[in-house]
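**Q** Below are the structure tokens for one structure; questions will follow.
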Amino acid sequence: MSDKDIPGVDLDDESLSDLAGESDSESTASSNISRKSEAGDEKAKRKYLWKVGEGEEYGEGEPLHVVIPEGEGEYPYPIWDEPPTVSTESVVSIASTITEIEETEEERLARAERERLIDIVRLKLIARTSLRRKNIFLHRKLAEHIKKRRLDHAAKEDPKVQYELTAKYLKRLYHFNEFKESQDGEMRDLAINLRMLKNDTERLEEELKETMDNFMENLKELSTTLVSSRTGKRLNEKMVHRLLKRLTVRNVEKGELRLKYVKMRNKIEEKERELKTMENFGNGLYIMDYEQLKIDNQNYSDKIEEKEEELTKLRVKTQCNIQNLAQVREKAYAIEGDIEITEAKYGDIEAEFNNTRERVGRAKKLRDAYRVEFESLKMESGLLTRDLLLRDFETSLEERERDRDVLDDLRTLIKDKKKKKLKLDSQFNKIYSSKIATVNNNSYLK
Numbered sequence: 001m002s003d004k005d006i007p008g009v010d011l012d013d014e015s016l017s018d019l020a021g022e023s024d025s026e027s028t029a030s031s032n033i034s035r036k037s038e039a040g041d042e043k044a045k046r047k048y049l050w051k052v053g054e055g056e057e058y059g060e061g062e063p064l065h066v067v068i069p070e071g072e073g074e075y076p077y078p079i080w081d082e083p084p085t086v087s088t089e090s091v092v093s094i095a096s097t098i099t100e101i102e103e104t105e106e107e108r109l110a111r112a113e114r115e116r117l118i119d120i121v122r123l124k125l126i127a128r129t130s131l132r133r134k135n136i137f138l139h140r141k142l143a144e145h146i147k148k149r150r151l152d153h154a155a156k157e158d159p160k161v162q163y164e165l166t167a168k169y170l171k172r173l174y175h176f177n178e179f180k181e182s183q184d185g186e187m188r189d190l191a192i193n194l195r196m197l198k199n200d201t202e203r204l205e206e207e208l209k210e211t212m213d214n215f216m217e218n219l220k221e222l223s224t225t226l227v228s229s230r231t232g233k234r235l236n237e238k239m240v241h242r243l244l245k246r247l248t249v250r251n252v253e254k255g256e257l258r259l260k261y262v263k264m265r266n267k268i269e270e271k272e273r274e275l276k277t278m279e280n281f282g283n284g285l286y287i288m289d290y291e292q293l294k295i296d297n298q299n300y301s302d303k304i305e306e307k308e309e310e311l312t313k314l315r316v317k318t319q320c321n322i323q324n325l326a327q328v329r330e331k332a333y334a335i336e337g338d339i340e341i342t343e344a345k346y347g348d349i350e351a352e353f354n355n356t357r358e359r360v361g362r363a364k365k366l367r368d369a370y371r372v373e374f375e376s377l378k379m380e381s382g383l384l385t386r387d388l389l390l391r392d393f394e395t396s397l398e399e400r401e402r403d404r405d406v407l408d409d410l411r412t413l414i415k416d417k418k419k420k421k422l423k424l425d426s427q428f429n430k431i432y433s434s435k436i437a438t439v440n441n442n443s444y445l446k
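Here you go:
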């Protein structure tokens, strides 16, 4: 594959190539640079591949050293003789040339900037040479390491990935070629327009000069026949020459003022266009819409403040209601405590009543047992014939009397407990009804 098939840029500066210090052996060893030999007396030109990264403009980037193997066919894209950079400075210089033909100060600054950039490029080339030598050394060490470790498979590249990268790179170059052609066409059109404007300017200057010369000659001829109204004599040649010179100076000043007026008018038109573009925010939004949105935002802010005031009033009212509710809850808690105490007392009384009823039941059962036993004894033997039984009977009678007294006492106690229970129930109902009535009255009043 020849060097002509590799896309790149020409580096015509002889000093840059000398400072680079690149030998043919280094270029062959690194496989990063292809040299091109042209017939005749033309100089050898270096071709460098340029990287166009994702998200970068065409023509930007840094040299990308790519090895294109032999036998891949002719490269389908052209080779450019200039670096792939979009020169916006040329467009600016053309526009400035149209307005001001001679700009020595800007040319001097541009020359100084160009020299500074050339120095930077020279330093970068020297650094690149050092890095290239280091890269060659590391490549050799890596090759020795791979050969020693038998890692030939590690150096192999995935052909699919390599093909995709190559296709992507070629596509980028194709798009850059189209972009550069369009830029070249625009530059040619601008150069043609500039040449036409220069020709028109020169023609108009010649016509103006010829017209002014004729006008001055006519004025000079006419001034010989003029008579001064103050002295009544004809104007002398010296006076006519001074007046014509003053008229010429005034015409020059008038031309300069007109030129300034045209420049200012162009600047005003440009500023108006910039203002129009600044007024347009995109998607049909203008600065008037922004002002209207700002006014609406202020109105909504005022409404929000009013709503905030209403919310503050509602918060204060809610706080008062919460405090009242807390007081009611405290009262309710106190009433519930009284109710719990009363219920506890009622439970104790009810438990005591149940215990007393159980004792009465046991006493009744004991009484029935004694009765049955007494009847059985009475049936079995007569009391009159058996003194012991009679005495026992008397004893039983005495015990029965005692039990009866106990029973009467228990009945009396039960009646007293029932009365106390009824009294406590009535007191509980009264207290409960009075508390409920108090709570209802308070809630009604609030």
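Reminder that position 396 of the sequence shown reads as 396 in the UniProt record's numbering, one-by-one numbering, no gaps.
Glycine included, each C-beta is placed from N, C-alpha and C at the ideal position.
Return the Cβ separation of T342 and K417 in integer angstroms, given the expectation that the two are a contact with Cβ distance under 8 Å.
**A** Between K417 and T342 the Cβ distance is about 17 Å, and since that is not below 8 Å, they are no contact.
**Q** Count the CB pairs spanning the region 429-439 and the region 333-342 that are closer than 8 Å, and state whether there are at least three.
**A** Because the criterion of three Cβ pairs below 8 Å is met, the region 429-439 and the region 333-342 touch.
**Q** I need the straight-line Cα distance from V439 to L325, nearest angstrom please.
**A** C-alpha separation (whole angstroms): 12 Å.
**Q** Enumerate in chain order the residues of its own chain whose CB-to-CB distance from R359 is below 8 Å, with the five nearest sequence positions on each side excluded.
**A** Cβ within range, chain order: L410.
**Q** Could you check whether V240 and S223 sit closer than 7 Å to each other, using their CB atoms as the reference points?
**A** Yes, these two residues count as a Cβ contact at 7 Å.
**Q** Select from G361, A127, R367 the residue whose C-alpha is nearest the C-alpha of R402.
**A** It is R367.
**Q** Please return the same chain residues whose Cβ sits closer than 8 Å to the Cβ of K233, not counting the five positions on each side in sequence.
**A** Result list for K233: V227, in chain order.
**Q** Assuming L424 and Y346 form a contact by the criterion Cβ under 8 Å, report the distance between their Cβ atoms to the nearest whole angstrom.
**A** Yes, L424 and Y346 are in contact; Cβ-Cβ is about 7 Å, under 8 Å.
**Q** Helix, strand or coil for R230, going by three-state DSSP, please let me know.
**A** If DSSP states are grouped into helix, strand and coil, R230 belongs with coil.
**Q** Nearest-angstrom Cα distance between L413 and S426?
**A** When rounded, the distance between both Cα atoms is 20 Å.
**Q** Would you list, in sequence order, the uninterrupted alpha helix (DSSP H) runs of no fewer than 4 residues that lie entirely inside the region 277-321?
**A** Complete alpha helix (DSSP H) runs here, min 4: none at all.
**Q** Hey, how far is the Cα of T201 from the Cα of R265?
**A** Approximately 19 Å between the Cα atoms of the pair.
**Q** Rounded to whole angstroms, what is the Cα-Cα separation between G185 and E221?
**A** When rounded, the distance between both Cα atoms is 53 Å.
**Q** In whole angstroms, what separates the C-alpha of D338 from that of L314?
**A** Straight-line Cα distance between these residues: approximately 36 Å.
**Q** Could you check the C-alpha separation between N354 and R404 for me, to the nearest Å?
**A** Each residue's Cα considered, the two are about 21 Å apart.
**Q** Report the three-state DSSP secondary structure of L235 (helix, strand or coil).
**A** Three-state DSSP puts L235 in coil, outside helix and strand.
**Q** Does the beta-carbon of L293 have 16 or more other beta-carbons within 10 angstroms, so that it is buried, or is it exposed?
**A** So L293 ends up on the exposed side.
**Q** Quick one: measure Cβ to Cβ for V421 and I349, integer angstroms, because I've assumed they're closer than 8 Å.
**A** It is worth fixing the name first, because residue 421 is Lys in this sequence and not Val. Their Cβ separation, rounded to whole angstroms, is 6 Å, which keeps K421 and I349 in contact under 8 Å.
**Q** Residues in its own chain within less than 8 Å of I295 by CB, not counting five upstream and five downstream?
**A** No residues qualify anywhere along the chain.
**Q** Could you tell me the distance, in whole angstroms, from the CA atom of R172 to the CA atom of F179?
**A** Whole-angstrom Cα-Cα distance: 10 Å.
**Q** What's the call for L204, buried or exposed, on a 16-neighbour Cβ count within 10 Å?
**A** Answer is exposed; the Cβ neighbour count stays below 16.
**Q** Evaluate R258 with the Cβ neighbour count: other Cβ atoms within 10 Å of its Cβ, from every protein chain shown; 16 or more gives buried, anything less gives exposed.
**A** Classification of R258: exposed, given that the 10 Å Cβ count is below 16.
**Q** Assuming L407 contacts A363 under a Cβ cut-off of 8 Å, what Cβ separation, rounded to an integer in Å, is found between them?
**A** At roughly 6 Å, the Cβ-Cβ gap stays under 8 Å, so L407 and A363 are in contact.
**Q** With DSSP collapsed to three states, give me the class of N429.
**A** In the structure shown, N429 sits in a helix (DSSP, three-state: H, G or I).
**Q** Could you check how far apart the C-beta atoms of V328 and N441 are, in whole angstroms? I think they sit under 8 Å.
**A** In fact, because the Cβ distance is near 12 Å, the residues do not count as touching under 8 Å.
**Q** For K260 and D289, what's the separation of their Cα atoms in angstroms?
**A** Near 36 Å, if we compare the C-alpha coordinates of D289 and K260.
**Q** Consult DSSP for T129 and reduce its assignment to one of helix, strand or coil.
**A** If DSSP states are grouped into helix, strand and coil, T129 belongs with the helices.
**Q** Whole angstroms are fine: how far does the CA of R391 sit from the CA of L377?
**A** Going by the C-alpha atoms only, they are around 13 Å apart.
**Q** Going by CA-CA distance only, name the one from E291, L123, F374 that's closest to T395.
**A** Ranking the options by Cα distance to T395, first place goes to F374.
**Q** Roughly how many angstroms separate the alpha carbons of N251 and K245, rounded to a whole number?
**A** Each residue's Cα considered, the two are about 10 Å apart.
**Q** Using the Cα positions of E330 and K303, report the straight-line distance between them to the nearest angstrom.
**A** E330 and K303: Cα-Cα distance of roughly 40 Å.
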